[in-house]
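Those protein sequence lines, which keep their order, are chains A and B.
Under the working numbering, the first residue of the first sequence carries the number 1, and numbering increases by one thereafter.
Under the working numbering, the first residue of the second sequence carries the number 1, and numbering increases by one thereafter.
Built from N, CA and C at the ideal position, the CB exists for glycine as well.
Just below is one structure, and these are the notes that go with it.
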Amino acid sequence: MSEKEKIAKQMKEILEQFMSEPQLKAHMLVAIEEHMKESDLVFGRLAYLHYNMFSKQEHPFISIAAAVELIVLAGDLLDDVVDQDRLKDDAITVHTAIGFLLLGQQVIAHSHIADEKKLKALSYVTSCLLQGVHGQQLDVECDVQTEAEYTKMVEKKSGSLVAMACVIGALLAGKEDIAAIETYARYIGIAAQIDNDLDALYNWDKKADIQAKKKSLPILYMLESKHDNLWKQYFNNDIDYERMYVQKEKALQQMEQEGAIYYAKVMSQIYKEKAWQEIEKLDVDDKHKSALKTMIL
Amino acid sequence: MQQIIRFLVEHPEIVEKLQNGTVSLIGLSELEGKAVIKAFSESIHPLRYWM
């Protein structure tokens with residue numbers, strides 16, 4: 001069984017153990033199965049890897065990896081409600097998300113790990129989730145004007161989630177100095193979000209980012225262009241979404257021709273390389289570094 | 001970085017020289033230069049942390 005399959009199996013077992021309301025449980029099970037199809041469960045795997053990196057003893061840690069993945073799944077569902085990416089019953093989605101959010105923390109609280117470590121980890125989860133909410137709100141406000149503002153927003157929104165996954169694993173393993181882990185995890189989060197934003201540009205029907213006028217790096221680049229382009233017209237409200245949508249191929253072509261896509265790819269790569277520089281400094285077994293490398297480069 | 005990318009898109013011959021190592025970009029760190037070369041070589045794999 002792969003690591004991903006083990007985490008997914010554990011997520012379902014946690015659901016069985018802690019959730020009693022049948023209808024909500026059924027919805028949560030469907031959400032886990034859908035999540036399994038769409039995701040590589042990277043966050044759970046990062047938590048698992050970081051526990052193994054710093055733990056001095058063998059410990060059945062897969063439940064913590066599942067807990068992290070449940071918290072991240074909660075965030076995904078809430079994000080979908082905010083972005084209106086899924087045309088489903090919002091009430092059920094919200095309850096499902098809240099269920100996952102609490103369930104993840106419940107699992108950490110109930111794990112057979114020293115109370116002191118659990119307290120630190122849970123406090124860190126709360127802190128990261130708060131930062132994530134701040135970042136999400138900044139994103140929804142669509143008030144980003146510069147690369148620096150975008151990076152600040154994304155560091156809160158996405159960097160905090162990757163930091164949560166990596167640092168929880170380290171804290172539960174007894175690692176006290178988490179500064180370096182936090183630094184590279186935030187870089188990874190920024191890079192992953194830039195890549196995700198690029199993906200949204202090619203998936204207008206699946207993602208509502210363009211319709212919501214979210215300014216990702218390639219869009220900021222196009223708005224700074226000295227040439228007139230569809231992105232400027234759309235973001236200046238000279239054309240509406242319908243007119244932009246029917247010209248999406250042309251809009252993307254303009255981005256590619258002007259270098260906006262290269263720009264985003266370069267920025268993403270810079271953060272990946274920065275993360276790798278920090279990881280290389282870690283005093284851990286090379287096999288762990290290699291495993292981490294495959295998840296970022 | 002935006003200015004550098006705009007320059008490179010307008011001067012693809014410089015991109016080729018960069019990739020061959022016969023020119024370097026002033027004002028960029030080694031890490032940034034490496035990222036530029038990788039991006040223009042299309043040898044970057046996107047991270048799929050969110051779907």
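Whose C-beta lies closer than 7 Å to the C-beta of residue i among residues of the same chain, with five residues either side of it excluded?
i: Q211 (chain A); result: Y241
i: N229 (chain A); result: M222 and Q254
i: A251 (chain A); result: L230, W231 and M244
i: K248 (chain A); result: W204
i: K287 (chain A); result: none
i: L297 (chain A); result: K272 and W276
i: S268 (chain A); result: A191, I194 and D195
i: F18 (chain A); result: L103 and Q106
i: F61 (chain A); result: Y48 and Y51
i: K274 (chain A); result: Y187
i: V94 (chain A); result: V81
Does the CB of residue i have a neighbour CB from chain B at under 9 Å?
i: Q211 (chain A); result: no
i: Q269 (chain A); result: yes
i: K215 (chain A); result: no
i: I98 (chain A); result: no
i: A185 (chain A); result: no
i: Y262 (chain A); result: yes
i: S20 (chain A); result: no
i: V174 (chain A); result: Looking at the sequence itself, residue 174 (chain A) is Gly, so the reference to Val does not match. Not closer than 9 Å to any Cβ of chain B, the Cβ of G174 (chain A) fails to qualify, so no.
i: K232 (chain A); result: no
i: S39 (chain A); result: yes
i: S158 (chain A); result: yes
i: V154 (chain A); result: no
i: I71 (chain A); result: no
i: Q137 (chain A); result: no
i: D199 (chain A); result: yes
i: D195 (chain A); result: yes
i: K265 (chain A); result: yes
i: Q254 (chain A); result: no
i: F54 (chain A); result: no
i: A67 (chain A); result: no
i: L130 (chain A); result: no
i: Y221 (chain A); result: yes
Do the CB positions of residue i and residue j come within less than 9 Å of each other?
i: D197 (chain A); j: A264 (chain A); result: yes
i: Y202 (chain A); j: V167 (chain A); result: no
i: L101 (chain A); j: I71 (chain A); result: yes
i: A66 (chain A); j: M11 (chain A); result: yes
i: A192 (chain A); j: L47 (chain B); result: yes
i: A165 (chain A); j: R186 (chain A); result: no
i: L220 (chain A); j: V144 (chain A); result: yes
i: E5 (chain A); j: R6 (chain B); result: no
i: L73 (chain A); j: A31 (chain A); result: yes
i: E69 (chain A); j: I113 (chain A); result: no
i: K56 (chain A); j: G174 (chain A); result: yes
i: K157 (chain A); j: L130 (chain A); result: no
i: M1 (chain B); j: E21 (chain A); result: no
i: M295 (chain A); j: L46 (chain A); result: yes
i: G169 (chain A); j: M53 (chain A); result: yes
Please confirm if residue i has its CB atom under 9 Å from at least one CB of chain A.
i: V36 (chain B); result: yes
i: L47 (chain B); result: yes
i: Q2 (chain B); result: yes
i: I130 (chain B); result: Nothing can be reported for residue 130 (chain B): it is not among the residues displayed for chain B, which extend from 1 to 51.
i: L127 (chain B); result: As shown, chain B starts at 1 and ends at 51. That puts residue 127 (chain B) outside it, with no answer to give.
i: E13 (chain B); result: no
i: V9 (chain B); result: yes
Below 8 Å CB to CB, which residues in the same chain sit around residue i once its five sequence neighbours on both sides are set aside?
i: Q19 (chain B); result: I37, F40 and S41
i: A180 (chain A); result: E278, K281 and L282
i: F235 (chain A); result: K213, K215, I219 and L223
i: L161 (chain A); result: F43, V72, G75, C128, G132 and G189
i: K118 (chain A); result: I108, A109, S111 and L172
i: I14 (chain B); result: F7, L8 and V23
Indicate whether at least one CB of chain C lies closer than 9 Å to the CB of residue i.
i: Q277 (chain A); result: Among the chains of the structure shown, chain C does not appear; the protein chains present are A and B.
For residue i, which residues from the same chain have a beta carbon less than 6 Å from its beta carbon, with the 5 sequence-adjacent residues on both sides left out?
i: S43 (chain B); result: none
i: E149 (chain A); result: none
i: Q233 (chain A); result: I239
i: A200 (chain A); result: K207 and D209
i: D83 (chain A); result: A208
Quiz prompt | 4 or more residues per run - each alpha helix (DSSP H) lying fully within the region 102-142 of chain A | solution = Entirely contained in the region 102-142 of chain A, the alpha helix (DSSP H) runs reaching 4 residues are, in chain order, 115-141.
Quiz prompt | Residue ranges of each alpha helix (DSSP H) within the region 174-235 of chain A, 4 or longer | solution = Within the region 174-235 of chain A, the complete alpha helix (DSSP H) runs of at least 4 residues are 179-201, 217-223 and 230-235.
Exercise. Note down, one range per segment and in chain order, each alpha helix (DSSP H) of at least 4 residues found wholly within the region 15-94 of chain A.
Key: With a minimum length of 4 residues, the continuous alpha helix (DSSP H) runs that stay inside the region 15-94 of chain A are 22-38, 42-54 and 62-83.
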